[in-house]
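As they're listed, the protein sequences go chains A and B. Residue numbering for the first sequence follows numbering that gives the first Met the number 0, starting at 0 and increasing by one per position. Residue numbering for the second sequence follows numbering that gives the first Met the number 0, starting at 0 and increasing by one per position. Taking it in order: structure first as structure tokens, then the write-up.
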Amino acid sequence: MRISTFWYCLKQGFINICRNIWFSLASVATISACIFLFCMFFSIMVNVQHVVKNVETTVGVTVFFDEGLSEEQIRAIGSVIGQRSEVSSMEFTSAQEAWDSFQQEYFEGMEDLADGFAEDNPLAGSASYQIFLKDISKQDEFVVYLENLDGVRRVNYSSSAAAGLTSFNTVIGILSGVIIGVLLAVSVFLISNTINVAAAFRRSENQIMRYIGATNYMIRAPFVVEGIIIGLLGAVIPLICMFFLYRQSIGYIEERFQILSGIFQFLPLGQIFPYMAATAMLLGLGIGFFASFFTIRKHLKV
Amino acid sequence: MIEISNVSKTYETGNKALRNVSITIEDGEFVFIIGRSGSGKTTLFKLLLKETEPTSGKIVVNDMNLGKMPRRYVPKYRRRLGVVFQDFRLLKDRNVYENVAFAQRVIGASTRRIRESVPAMLQMVGLSAKYKMFPQQLSGGEQQRVAIARALINRPEVLLADEPTGNLDSHNAIEIMKLLEEINQMGTTVVVVTHSQEIVDRMQKRVIVMERGCVVSDEKKGGYTHED
């Protein structure tokens, strides 16, 4: 394509937008609403996923073994567990390490009391493995497997937090999918209407173009440019809003609900925004391109 | 050369617009096609533009068989035709220069080529001084000159004109026909569909008369023998 042809199509696309400014603005507003919601759900989902990831790496499953088993026997069971595909990492805590840690935590400043136990380790049967999983949603079945292993006395785990977060994320995903889907349909409909009006305005021009020997591509181009500009504008506006809103919201939540800061670590804007912006721009471009491309096709008869 | 062989056209409504029409137009000829309303002139015009397909028969324009032409080649074919309409069909929001340049822009011509050829074409049709004016600021004759300039800017081999003088007064009509004759003398084949007796009689060119979808007369240097 010649550069002059490119500029010509771009100029005509802008002229189309200006000719139907109200239709164009309505389309931009709807796409903006759609992409704004998308960005909002995107940031919620990414943050929840981040929290789940944190939970996965910090909350493990602790396995205790039958009393009387030697450390070698416990380590042998540990190596069998370690071969499971669900396991991300595991840490062994011997009975002595457990007792040392207990003393540090509960006998701080009262070491004399602990000395009373002398060489008698009250936690002799407390050697354990702390196991971290790759995917926390598989925790329940993994726990069942552990409980059925010979030599395993008890399995400690927290099921509610991770499972709750995972299902919350699923609900958010479904909800956002439905709302975004409806808004997408409305956006496509509105862009399609805008292109229809533009095509009606340019009917005689298109007819002349056909008689002169313009290709379909050349006739379509200004309308597709129009659709793409509307789509991109519809993406840029919510992104600007989100840029400021996300920072403000995080600041507000962290300030007002300090209790949450120990549980939730929000992702910084710099980490989330590039992906959000790229996806939103692609979404806007895609909506604009496909809606205009398929709408203008029906106006073309060579 | 335009070869129309045994062409018939029946519309979906059952209307038989053309019945077994055969016409041959040599390169560089100037031909009038005349006839009553409903005689098939417009259908013939549309067939030559490849706006519609014949029900039967064959149309070959400059060695291109229109019947076998895939749709993607239609734009390329139309670039070898120039088309002029009774209602000029100019773009009202663009000036004379832009209207003529439009025909080159939409086929992807370079800016340099447009800058060279548009002023030359405007000079040829006698509108150099009015290149900045908009269609509504021009007379009917001048608007038709712009339309002719636009039709010729891509140097077509054939110029098709549908009632080019239909909206013009007698003086302007004669001026437009003189211009078409000049264009014809430069080697372009000119096919004019018209009702104007005065023009046909004055020009003394080949006249094809159509009636009820058939060619009823074809004279090398004819006048307006048909009666409305």
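Even for Gly, the Cβ is constructed at its ideal location relative to N, Cα and C.
Residue i and residue j closer than 8 Å at C-beta
{"i": "Ser7 (chain B)", "j": "Gly37 (chain B)", "result": "no"}
{"i": "Leu145 (chain A)", "j": "Val27 (chain A)", "result": "no"}
{"i": "Thr4 (chain A)", "j": "Gly107 (chain B)", "result": "yes"}
{"i": "Ile152 (chain B)", "j": "Ala102 (chain B)", "result": "yes"}
{"i": "Leu46 (chain B)", "j": "Pro53 (chain B)", "result": "yes"}
{"i": "Lys219 (chain B)", "j": "Arg201 (chain B)", "result": "no"}
{"i": "Gly283 (chain A)", "j": "Ala234 (chain A)", "result": "yes"}
{"i": "Ala126 (chain A)", "j": "Ile73 (chain A)", "result": "yes"}
{"i": "Thr187 (chain B)", "j": "Glu156 (chain B)", "result": "yes"}
{"i": "Met83 (chain B)", "j": "Ala146 (chain B)", "result": "In the sequence under discussion, the amino acid at residue 83 (chain B) is Val, which differs from the Met named in the question. Yes, the pair counts as a contact, with Cβ atoms nearer than the cut-off."}
{"i": "Val105 (chain B)", "j": "Val117 (chain B)", "result": "no"}
{"i": "Phe31 (chain B)", "j": "Val199 (chain B)", "result": "yes"}
Residue i, buried or exposed, once every other Cβ within 10 Å from all chains shown has been counted against 16
{"i": "Glu162 (chain B)", "result": "buried"}
{"i": "Trp6 (chain A)", "result": "exposed"}
{"i": "Cys17 (chain A)", "result": "exposed"}
{"i": "Lys40 (chain B)", "result": "buried"}
{"i": "Phe293 (chain A)", "result": "exposed"}
{"i": "Glu115 (chain B)", "result": "exposed"}
{"i": "Asn19 (chain A)", "result": "buried"}
{"i": "Gly163 (chain A)", "result": "exposed"}
{"i": "Ile24 (chain B)", "result": "buried"}
{"i": "Ala75 (chain A)", "result": "exposed"}
{"i": "Gly12 (chain A)", "result": "buried"}
{"i": "Val189 (chain B)", "result": "buried"}
Unbroken beta strand (DSSP E) run spanning residue i, endpoints
{"i": "Ala160 (chain B)", "result": "157–161"}
{"i": "Val62 (chain A)", "result": "60–64"}
{"i": "Gly56 (chain B)", "result": "55–60"}
{"i": "Phe31 (chain B)", "result": "29–34"}
{"i": "Met176 (chain B)", "result": "Careful: Met176 (chain B) lies outside any beta strand (DSSP E), inside the alpha helix (DSSP H) at 169–184."}
{"i": "Val224 (chain A)", "result": "Element bounds for Val224 (chain A): not the beta strand (DSSP E) but the alpha helix (DSSP H), 215–255."}
{"i": "Asn166 (chain B)", "result": "Segment: none, Asn166 (chain B) is in no beta strand (DSSP E) and carries neither H nor E."}
{"i": "Arg116 (chain B)", "result": "Here residue 116 (chain B) turns out to be Ser, not Arg, going by the sequence shown. That residue, Ser116 (chain B), is in no beta strand (DSSP E); its alpha helix (DSSP H) goes 110–123."}
{"i": "Leu80 (chain B)", "result": "80–83"}
{"i": "Ile152 (chain B)", "result": "Where Ile152 (chain B) is concerned, there is no enclosing beta strand (DSSP E), given that its DSSP letter is neither H nor E."}
{"i": "Lys8 (chain B)", "result": "1–9"}
{"i": "Arg205 (chain B)", "result": "205–210"}
Amino acids of chain A, ordered along the chain, whose beta-carbon sits closer than 8 Å to that of residue i
{"i": "Arg201 (chain B)", "result": "Those within 8 Å of Arg201 (chain B) in chain A number zero; the least Cβ separation is about 28 Å."}
{"i": "Arg77 (chain B)", "result": "Arg209, Tyr210, Ile211, Gly212"}
{"i": "Leu48 (chain B)", "result": "Tyr210"}
Under 9 Å by beta carbon: chain B residues contacting residue i
{"i": "Ser23 (chain A)", "result": "Chain B residues near Ser23 (chain A): none, gap ~18 Å exceeds 9 Å."}
Partner residues on chain B for residue i, Cβ-Cβ distance less than 8 Å
{"i": "Ala213 (chain A)", "result": "Pro74, Val105, Ile106"}
{"i": "Glu204 (chain A)", "result": "Leu90"}
{"i": "Tyr274 (chain A)", "result": "The contacting residues do not exist; Tyr274 (chain A) stays about 38 Å from chain B at best."}
Where residue i meets chain A, residues with beta-carbon distance less than 7 Å
{"i": "Ala102 (chain B)", "result": "Ile211"}
{"i": "Val260 (chain B)", "result": "Residue 260 (chain B) lies beyond the range of chain B shown here (0 to 227); nothing can be said about it."}
Delimiting residues of the alpha helix (DSSP H) encompassing residue i
{"i": "Phe293 (chain A)", "result": "268–296"}
{"i": "Tyr128 (chain A)", "result": "Taken as a continuous stretch (DSSP letters only), Tyr128 (chain A) belongs to no alpha helix (DSSP H), being part of the beta strand (DSSP E) at 127–132."}
{"i": "Ser216 (chain B)", "result": "Where Ser216 (chain B) is concerned, there is no enclosing alpha helix (DSSP H), although the beta strand (DSSP E) it sits in stretches over 213–218."}
{"i": "Ser100 (chain A)", "result": "94–105"}
{"i": "Lys75 (chain B)", "result": "73–77"}
{"i": "Asn15 (chain A)", "result": "2–18"}
Neighbour list for residue i in chain A, Cβ cutoff strictly below 9 Å
{"i": "Ser21 (chain B)", "result": "The premise fails here: Ser21 (chain B) is roughly 26 Å from chain A at the closest Cβ pair, so nothing lies under 9 Å."}
Partner residues on chain B for residue i, Cβ-Cβ distance less than 7 Å
{"i": "Arg305 (chain A)", "result": "Since the first residue shown for chain A is 0 and the last is 301, residue 305 (chain A) is missing from the structure and cannot be characterised."}
{"i": "Met241 (chain A)", "result": "None at all; the shortest Cβ gap to chain B is about 39 Å."}
{"i": "Met39 (chain A)", "result": "Residues of chain B passing the Cβ test: none, with the nearest at roughly 42 Å."}
{"i": "Tyr7 (chain A)", "result": "Arg104"}
Within-8 Å CB hit, residue i to chain C
{"i": "Tyr251 (chain A)", "result": "Among the protein chains of the structure shown, namely A and B, there is no chain C."}
Three or more beta-carbon pairs under 8 Å between the segment 12–31 of chain B and the segment 206–219 of chain B, yes or no?
The way I'd put it, the segment 12–31 of chain B does touch the segment 206–219 of chain B; three or more beta-carbon pairs between them come closer than 8 Å.
At a cut of 8 Å, does the segment 196–216 of chain A reach the segment 47–55 of chain A through at least three beta carbon pairs?
no
Please determine if the segment 64–73 of chain B and the segment 111–123 of chain B are in contact, where contact requires at least 3 C-beta pairs separated by less than 8 Å.
no
Count Cβ pairs between the segment 240–247 of chain A and the segment 35–42 of chain A that sit closer than 8 Å; are there 3 or more?
yes
Do the segment 90–98 of chain B and the segment 73–81 of chain B make contact, defined as three or more Cβ pairs closer than 8 Å?
no
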